[in-house]
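**Student:** The structure under discussion is supplied below as structure tokens; questions concerning it will follow.
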Amino acid sequence: MSLEDYGTVSLLTASGLLLGTLFGVAPEMGVFRAAARLKIDSGAKHFLSVASLWLLLVGPALILVASVTLFGVNATVLQMPTSLLALEILAIGLGLYPAYFAMPMLRASMRISYFFALSIVTILVSLALKILLVIVLGYGPEGWVYSDLGSSGAALITALVLVRPPITRYWRLGVHPFLKFVGPLVPHAMSVWVISQLTRPLMATFLSLEEVGAYSVAFNAASIGLLLLNEVNRVFLVDYSATSFPAPDRRLAPKARFQLLLAVAVPVAVSSASIPFNLIALPSSYGFVAPIVSVLGMGGLFWSIYILAMNFVTNTAGDTRWSWITTLFGTVVLVGGTFVLGDLLGAIGVAIAYVACYAAMAVGSHLLARRMRLEVSWRDAGFSAGWTVFALVTTTTAAGATALFEFAPVASVFVLITCLVAAMGPMLIPIVRNRRSES
Numbered sequence: 435m436s437l438e439d440y441g442t443v444s445l446l447t448a449s450g451l452l453l454g455t456l457f458g459v460a461p462e463m464g465v466f467r468a469a470a471r472l473k474i475d476s477g478a479k480h481f482l483s484v485a486s487l488w489l490l491l492v493g494p495a496l497i498l499v500a501s502v503t504l505f506g507v508n509a510t511v512l513q514m515p516t517s518l519l520a521l522e523i524l525a526i527g528l529g530l531y532p533a534y535f536a537m538p539m540l541r542a543s544m545r546i547s548y549f550f551a552l553s554i555v556t557i558l559v560s561l562a563l564k565i566l567l568v569i570v571l572g573y574g575p576e577g578w579v580y581s582d583l584g585s586s587g588a589a590l591i592t593a594l595v596l597v598r599p600p601i602t603r604y605w606r607l608g609v610h611p612f613l614k615f616v617g618p619l620v621p622h623a624m625s626v627w628v629i630s631q632l633t634r635p636l637m638a639t640f641l642s643l644e645e646v647g648a649y650s651v652a653f654n655a656a657s658i659g660l661l662l663l664n665e666v667n668r669v670f671l672v673d674y675s676a677t678s679f680p681a682p683d684r685r686l687a688p689k690a691r692f693q694l695l696l697a698v699a700v701p702v703a704v705s706s707a708s709i710p711f712n713l714i715a716l717p718s719s720y721g722f723v724a725p726i727v728s729v730l731g732m733g734g735l736f737w738s739i740y741i742l743a744m745n746f747v748t749n750t751a752g753d754t755r756w757s758w759i760t761t762l763f764g765t766v767v768l769v770g771g772t773f774v775l776g777d778l779l780g781a782i783g784v785a786i787a788y789v790a791c792y793a794a795m796a797v798g799s800h801l802l803a804r805r806m807r808l809e810v811s812w813r814d815a816g817f818s819a820g821w822t823v824f825a826l827v828t829t830t831t832a833a834g835a836t837a838l839f840e841f842a843p844v845a846s847v848f849v850l851i852t853c854l855v856a857a858m859g860p861m862l863i864p865i866v867r868n869r870r871s872e873s
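Residues 435 to 873 in this note's numbering are what the sequence shown spells out, letter by letter.
This is the structure:
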């Protein structure tokens with residue numbers, strides 16, 4: 435695909451995910467918590483009944499109406515044909531149940547083999563269809579949308595086979611708890627979409643599709659790091675949900691510390707991998723996007739600090755009333771920064787605004803946790819002044835070294851290797867100690 439086509443695809447994906455976020459993200463958090471508390475909360479099964487109805491029937495039906503409406507309008511929005519946008523959001527509707535109900539249910543109930551089966555089916559079908567339709571047949575954005583439809587349909591069928599919708603006779607008892615938990619999270623979920631997706635539609639209003647495409651390539655590469663951090667956090671959500679205050683307990687504390695160690699290692703690894711990714715995987719027409727990748731990768735550090743506090747607020751305390759405040763704060767920073775820094779610096783300016791957004795959210799989440807007077811020992815969780823200084827110095831140095839590669843490649847690589855060793859060291863030391871003690 436050309437850089438312009440890639441820009442179109444990124445806009446279609448971002449716009450389609452708007453509805454996925456609106457209908458799925460908030461219920462998903464409730465599904466995680468309810469599934470983890472089935473043995474100790476009699477109302478959890480009713481909550482799950484309502485969540486499955488919403489994600490399997492109500493949500494997809496509403497999205498289908500929106501898709502049909504868009505398909506009948508022959509127009510262009512943000513340089514995108516509405517017909518393609520209609521098909522993309524239809525794919526999102528088909529994927530609500532597998533992505534936001536089946537996946538968290540399987541993970542929370544520790545049915546890991548089923549979870550991997552659903553993940554593998556989704557990934558392989560999507561990859562095979564994209565290779566066939568986009569690369570082999572050269573259908574471009576149209577092929578991308580058709581592949582999303584196919585993979586969502588395959589995921590839905592697989593999810594229904596693996597996870598039967600737990601609709602109970604008294605499902606109505608779960609309506610009020612569902613609305614009470616999910617309602618306050620909707621603004622939070624929408625802010626999450628703004629943070630992860632809105633930058634590209636905003637960029638399309640004052641930058642070229644080529645610039646949007648370059649940012650999208652860098653964003654997708656850097657998102658691998660954030661995806662890893664997010665998946666590790668999802669694995670531990672069951673522990674956060676099952677923990678009581680004072681927290682963290684002996685079981686949760688080492689997992690929280692591991693998350694923060696990973697929060698340094700992953701951004702540094704993203705910076706280190708950005709240069710070979712740029713030189714080997716991308717054609718020369720894409721330019722040198724490695725600095726954008728490395729700056730975006732730093733978002734993972736601040737996201738981890740943010741999510742540490744929000745896990746205790748939302749999952750341990752079960753309080754969703756104020757979760758929207760931190761994401762709204764980050765959204766304001768992101769939107770303002772995108773227009774100001776994007777206009778001045780282009781794609782790299784938008785990347786800086788993205789990192790500043792997560793930094794603002796990190797500060798806001800910890801202020802919220804302290805305002806709620808949660809009994810959390812942050813030192814036991816690994817969050818301390820010493821760790822903060824180490825994390826900031828290591829990740830910013832790695833990002834700076836990436837930007838200097840074009841001018842001093844040898845020095846840049848040396849600094850990146852040094853940062854990588856410094857970031858990985860704290861994770862490897864406990865493993866080495868355990869092996870020595872066993873021997």
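Note that beta-carbon positions come from the ideal geometry of N, C-alpha and C, so glycine has one too. Here the structure is a predicted model, which means the values were calculated and not measured.
Indicate the three-state DSSP secondary structure (helix, strand or coil) for residue 810 in the structure shown.
**Tutor:** Residue 810: strand per DSSP, three-state reduction.
**Student:** Restricting to Cα atoms, I'd like to know which of 567, 591, 675, 859 is closest to residue 747.
**Tutor:** Residue 747 has its Cα closest to that of 675, out of 567, 591, 675, 859.
**Student:** Within this structure, are the beta carbons of residue 464 and residue 612 separated by less than 8 Å?
**Tutor:** Cβ atoms of residue 464 and residue 612: closer than 8 Å.
**Student:** Restricting to runs no shorter than 4 residues, where is the alpha helix (DSSP H) found entirely within the region 504 to 542?
**Tutor:** The region 504 to 542 contains these whole alpha helix (DSSP H) runs: 516 to 528, 537 to 542.
**Student:** Provide the residue(s) that pair with residue 681 in DSSP beta bridges, ordered along the chain.
**Tutor:** Beta-bridge pairing links residue 681 to 810.
**Student:** Nearest CA to the CA of residue 448: which residue from 679, 769, 632, 742?
**Tutor:** Minimum Cα distance to residue 448 is reached at 632.
**Student:** Using DSSP with H/G/I as helix, E/B as strand and the rest coil, what is residue 576?
**Tutor:** Residue 576: helix per DSSP, three-state reduction.
**Student:** Count the other CB atoms within 10 Å of the CB of residue 745; is the residue buried (16 or more) or exposed (fewer)?
**Tutor:** With 16 or more other Cβ atoms within 10 Å, it is buried.
**Student:** Please state whether DSSP places residue 753 in a helix, a strand or coil.
**Tutor:** Residue 753 falls in the coil class under three-state DSSP.
**Student:** Does the distance from the CB of residue 765 to the CB of residue 740 come in under 8 Å?
**Tutor:** Going by C-beta atoms, residue 765 is not nearer than 8 Å to residue 740.
**Student:** How long is the line joining the alpha carbons of residue 576 and residue 556, rounded to whole angstroms?
**Tutor:** Cα-Cα distance, rounded: 19 Å.
**Student:** May I ask you to verify whether the region 704 to 717 touches the region 767 to 778, counting CB pairs closer than 8 Å and requiring at least 3?
**Tutor:** Too few Cβ pairs lie closer than 8 Å, so no.
**Student:** For the alpha helix (DSSP H) holding residue 730, just list the boundary residues, first then last.
**Tutor:** Here the alpha helix (DSSP H) through residue 730 covers 724 to 731.
**Student:** To the nearest angstrom, how far is it from the Cα of residue 645 to the Cα of residue 810?
**Tutor:** Residue 645 and residue 810: Cα-Cα distance of roughly 44 Å.
**Student:** For residue 728, which residues of its own chain have a beta-carbon under 6 Å away from its beta-carbon, when the five flanking residues on both sides are left out?
**Tutor:** Correct list, in chain order: 705, 708, 833, 836.
**Student:** Could you have a look at residue 842 and say whether DSSP puts it in helix, strand or coil?
**Tutor:** Reduced to three states, the DSSP call for residue 842 is coil.
**Student:** What distance in whole Å lies between the Cβ atoms of residue 702 and residue 829, which are believed to be in contact at a cut-off of 8 Å?
**Tutor:** Correct: roughly 6 Å between the Cβ atoms.
**Student:** Within a Cβ cutoff of 6 Å, which residues of the same chain sit near residue 567, ignoring the five residues on either side of it in sequence?
**Tutor:** Same-chain partners within the cutoff: 573, 577, 580, 581.
**Student:** Whole angstroms is fine: what's the gap from residue 818's alpha carbon to residue 812's?
**Tutor:** Cα to Cα, residue 818 sits roughly 7 Å from residue 812.
**Student:** Going by beta carbon distance, what residues of the same chain come within less than 7 Å of residue 656, once the five residues before and after it are set aside?
**Tutor:** So the list reads 704, 727, 730, 731, once near-sequence residues are dropped.
**Student:** Just to confirm before moving on: does the CB-CB distance between residue 586 and residue 529 stay below 8 Å?
**Tutor:** A contact, by the Cβ cut-off of 8 Å.
**Student:** Spatial neighbours of residue 663 within its chain, please: C-beta separation below 7 Å, excluding the five flanking residues on both sides.
**Tutor:** Cβ within range, chain order: 696, 697, 700, 734, 737, 738.
**Student:** Is the separation between the beta-carbon of residue 660 and that of residue 673 shorter than 8 Å?
**Tutor:** No, they are not a contact pair.
**Student:** Identify, in the order they occur along the chain, each residue of the same chain with its Cβ nearer than 7 Å to the Cβ of residue 821, setting aside the five sequence neighbours on each side.
**Tutor:** Cβ neighbours of residue 821 beyond the five flanking positions: 694.
**Student:** Quick one: any contact between the region 494 to 505 and the region 623 to 631, if contact means 3 or more CB pairs under 8 Å?
**Tutor:** Touching, no, given that fewer than three Cβ pairs across the two stretches are closer than 8 Å.
**Student:** Let me confirm a value: residue 849 is counted as buried when at least 16 other C-beta atoms fall within 10 Å, else exposed. Which label applies?
**Tutor:** When all chains shown are included, residue 849 counts as buried.
**Student:** How is the alpha helix (DSSP H) around residue 650 delimited, first residue to last?
**Tutor:** Its alpha helix (DSSP H) spans residues 643 to 676.
**Student:** Helix, strand or coil for residue 604, going by three-state DSSP, please let me know.
**Tutor:** Residue state, collapsed to three classes: coil.
**Student:** Report the start-end ranges of each alpha helix (DSSP H) in the region 465 to 498 that is 4 residues or longer and not cut off at the edges.
**Tutor:** 478 to 487, all fully within the region 465 to 498.
**Student:** What do you reckon, are the CB atoms on residue 526 and residue 453 nearer than 8 Å?
**Tutor:** Yes.
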